[in-house]
């Protein structure tokens, strides 16, 4: 009976610039900027430790189309380690590192690396001198590739395993650009044994017989990519397929929520946050932490003061630069509320009108900000959740200020 074992990863984004983190201490910033390279090393070490037959990289090895010499050199180093262990690597390029991108001609990858061209192509895989698998895929010819290519995936030869690779978006999902769209039914119609997907940075199994899998990226790059990141090791026989997830992130983006209810002094809040930090430090190499304070409490009026928030951040981050396993608080959000009865406020004429206005405000106009030539370089589109959060914070701030002035 034939069997194969392989590692499936995607969206390495090595050499990510990590824009917007210039306020981090230098030592931590260096670790963050090196994190994609360290996560790549972990992927390769996992492949070596698990003694896989081959590695699938489903697009976006590089963060940008202009691949630096340093990034290519580091990638080649890892490929050479896999070559020494006789592990093959199959690569498709995606929208970030498409084939038209500028690459250095100084580097040649070793012979164990197979890069798919712009046409849907198959590479054979041999194990013990037997042809046991065909691996199919294509690389993006240019950055914006909106064509559905599934029909071009056609089984070749009678071999035990057929594996398809696509860097693309599940059709109908609007939160991502519709690059190389596909449907689950289209993939199932091909009767392949496994579909190795890339492009979506959140881990997800779309189907389990056969497996259609997004492994997510190997290292989060910003606060919208929170949580554990990694790759899958897939063990496949003619009877069954088993997946095992291995985490590879070097720096974890995370959020912790602290409820201020029943807290009578600021030191209680600090202690609660430090307890959360200790738990995370014990589990992770490095954490970029967002702290969100919530709940109703008598400390609200102190917490909404910007100077106090700045002092809290300084206090929380003392010594973090020197700690090998840092837990750095990059953001402190105050979503607390004063000890007030909102229902009572709604009985007064002013607040009746105020809450009606808040309710009727369905959207916030940021067009002036997003059209600004400098600001738009650093802005990402806001989700509905983020807009609602801003609206809630504004409402709470206004209520607090009005009540303070009435005292």
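Residue numbers (full-length UniProt numbering): 1 to 407. Just so you know, even glycine gets a beta-carbon here, dropped at the ideal spot from N, CA and C.
With respect to the beta strand (DSSP E) encompassing residue 162, which residues constitute its N-terminal and C-terminal limits?
Per DSSP, residue 162 belongs to the beta strand (DSSP E) from 161-167.
Which of the three DSSP states is assigned to residue 141 in this structure?
Here residue 141 sits in coil by DSSP.
Leaving out five residues on either side along the sequence, give the residues of the same chain with a beta carbon under 7 Å from the beta carbon of residue 78.
40, 41, 44
Is it the case that the stretch 258-267 contacts the stretch 222-241, given that we only count it when at least three CB pairs across the two stretches are under 8 Å?
no
Quick check on the DSSP output: the alpha helix (DSSP H) that includes residue 113 runs from which residue to which?
Residue 113 -> not in any alpha helix (DSSP H); beta strand (DSSP E) instead, spanning 113-115.
Grouping DSSP H, G and I as helix and E and B as strand, with all else coil, what is residue 300?
helix
Under the three-state reduction of DSSP, which class applies to residue 109: helix, strand or coil?
coil
Please specify which runs of the beta strand (DSSP E), each continuous and at least 3 residues long, are wholly inside the stretch 316-370, giving them in chain order.
Qualifying beta strand (DSSP E) stretches, in chain order: 326-337.
Taking the alpha carbon of residue 17 as the reference point, which residue from 285, 64, 354 has its own alpha carbon closest?
64
Look at the alpha carbon of residue 334 and the alpha carbon of residue 269, and state the distance between them as a whole number of angstroms.
12 Å
For residue 293, does the three-state DSSP call read helix, strand or coil?
Residue state, collapsed to three classes: strand.
How far does the beta strand (DSSP E) with residue 250 in it reach, from first residue to last?
Per DSSP, residue 250 belongs to no beta strand (DSSP E) and is neither H nor E.
What ranges does the beta strand (DSSP E) occupy inside the stretch 184-253, keeping only unbroken runs of at least 3 residues that lie completely in it?
194-198, 204-208, 211-214, 230-237, 241-247
Output yes if chain B places a C-beta closer than 7 Å to the C-beta of residue 229; else output no.
Here chain B cannot be found, since the structure has a single protein chain.
For a quick check, are the C-beta atoms of residue 253 and residue 220 less than 7 Å apart?
Contact: yes.
Output yes or no for whether 7 Å exceeds the beta carbon distance between residue 197 and residue 58.
yes
Given a threshold of 16 other Cβ atoms within 10 Å of its Cβ, counted over all protein chains shown, does residue 173 qualify as buried or as exposed?
exposed
How about residue 53 and residue 4: do their beta carbons lie closer than 7 Å?
yes
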